[in-house]
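This report refers to the structure that appears directly beneath it.
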Amino acid sequence: MRIVSGLLLALSFLTRLVPAKPADEKSLAGSLSWFCPAGLILGLIMILPGVLGLAGGYPFVQAWMVVGIGFYLTRGLHWDGWADVWDGWASQAKKDKFWVVVKDSNVGAFGVIGLILGLGGQLVLVGEVIRAGEWAMIVWAVILGRFGAVALAWWGKGYPRPGLGSAFLDGAGPMAFLNNFLVLLIFATFFISVYQALISLVLLGLGVFSLYTLGRRNNGINGDFLGSAVIWGELSGLLAFVLVQF
Numbered sequence: 721m722r723i724v725s726g727l728l729l730a731l732s733f734l735t736r737l738v739p740a741k742p743a744d745e746k747s748l749a750g751s752l753s754w755f756c757p758a759g760l761i762l763g764l765i766m767i768l769p770g771v772l773g774l775a776g777g778y779p780f781v782q783a784w785m786v787v788g789i790g791f792y793l794t795r796g797l798h799w800d801g802w803a804d805v806w807d808g809w810a811s812q813a814k815k816d817k818f819w820v821v822v823k824d825s826n827v828g829a830f831g832v833i834g835l836i837l838g839l840g841g842q843l844v845l846v847g848e849v850i851r852a853g854e855w856a857m858i859v860w861a862v863i864l865g866r867f868g869a870v871a872l873a874w875w876g877k878g879y880p881r882p883g884l885g886s887a888f889l890d891g892a893g894p895m896a897f898l899n900n901f902l903v904l905l906i907f908a909t910f911f912i913s914v915y916q917a918l919i920s921l922v923l924l925g926l927g928v929f930s931l932y933t934l935g936r937r938n939n940g941i942n943g944d945f946l947g948s949a950v951i952w953g954e955l956s957g958l959l960a961f962v963l964v965q966f
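Quick note: the sequence shown, position 103, residue 823 per the numbering used here, numbers continuous.
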């Protein structure tokens, strides 16, 4: 029951697949262990229409469907953080002024640029993956994105900011990291190549390091940073497929 409740709570926070329900900070912290399993379920649902043949022969239509389903099922949760961090980073503000920019409910020009590059990049990369018939890479990218949030939460435990993000940083212990990494490892073992996995992890590491450095410089890592790690991880997994082709 504890396993089921943890997974359901992760799904309720990360997606629409389970109705949102109130939870205390301890429960939220515990749900971090189930981010990658939640990503696996989400990724499988995202590719299902295409795998069943809907819009077959039109890879970029199918890519648009995959990206759209993912956006809908996550409520755009991680993209909001992605845009906020782009605004904060590009503003070159420091410390408290940085957080004023990040927490501003209005999206700035750089946030819009980040959304265009991120969503456009996903659309193009997913289209290339589908054209090659490598549907498993899409699921891998979704799992990898959630692992990126876990990795950043673990690395950035010393820099919590007030809000929900701090609960996940509290839950980022060795077992949470190991549980998620095992899901990542098992999926990679059966469905993608060693080179794809290694390149994905290198790209993910670069992004997580950059986010950690930005957070440390400005005295905090919050949910916006974790959401950005999710998006970066998804892009890393998809880009790895393209880079392996060279």
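Yeah, the Cβ is synthetic: ideal placement off N, Cα and C, and Gly gets one too. All values derive from a computational prediction rather than experimental measurement.
| Asked | Found |
| --- | --- |
| Need the endpoints of the alpha helix (DSSP H) that residue 778 sits in, please. | Per DSSP, residue 778 belongs to no alpha helix (DSSP H) and is neither H nor E. |
| Determine, using beta carbons only, whether residue 849 and residue 961 come nearer to each other than 8 Å. | yes |
| What beta strand (DSSP E) runs, 3 residues minimum, are completely inside the region 722-801? | none |
| How would you write the range of the alpha helix (DSSP H) that residue 709 sits in, first residue to last? | Any property of residue 709 remains undetermined from this structure, which presents the chain solely from 721 to 966. |
| Do you know offhand how far residue 927's Cα is from residue 890's? | 21 Å |
| Within 10 angstroms of its Cβ, does residue 954 collect 16 or more other Cβ (buried), or is it exposed? | buried |
| Quick one: what does DSSP say residue 912 is sitting in, helix, strand or coil? | coil |
| Please check the pair residue 783 and residue 843, which I expect to be a contact at CB under 8 Å, by giving their CB distance rounded to whole angstroms. | 5 Å |
| So does the region 808-826 actually touch the region 791-798, counting three or more Cβ pairs closer than 8 Å? | no |
| For residue 934, collect the residues of the same chain with a Cβ closer than 7 Å to its Cβ; drop the 5 residues on either side in sequence, then sort them by chain order. | 809 |
| Between which two residues does the alpha helix (DSSP H) harbouring residue 830 extend? | 829-851 |
| For residue 854, I'd like the list of residues in its chain whose CB is within less than 7 Å of its CB, leaving aside the five on either flank, ordered along the chain. | 961 |
| Mind checking whether residue 851 and residue 779 have CB atoms under 8 Å apart? | yes |
| Verify whether the separation of the beta carbon atoms of residue 751 and residue 729 is less than 8 Å. | yes |
| Between 910, 958, 892, which has its C-alpha nearest residue 922's C-alpha? | 958 |
| For residue 940, tell me which candidate among 839, 733, 816, 898 has the shortest Cα-Cα distance. | 816 |
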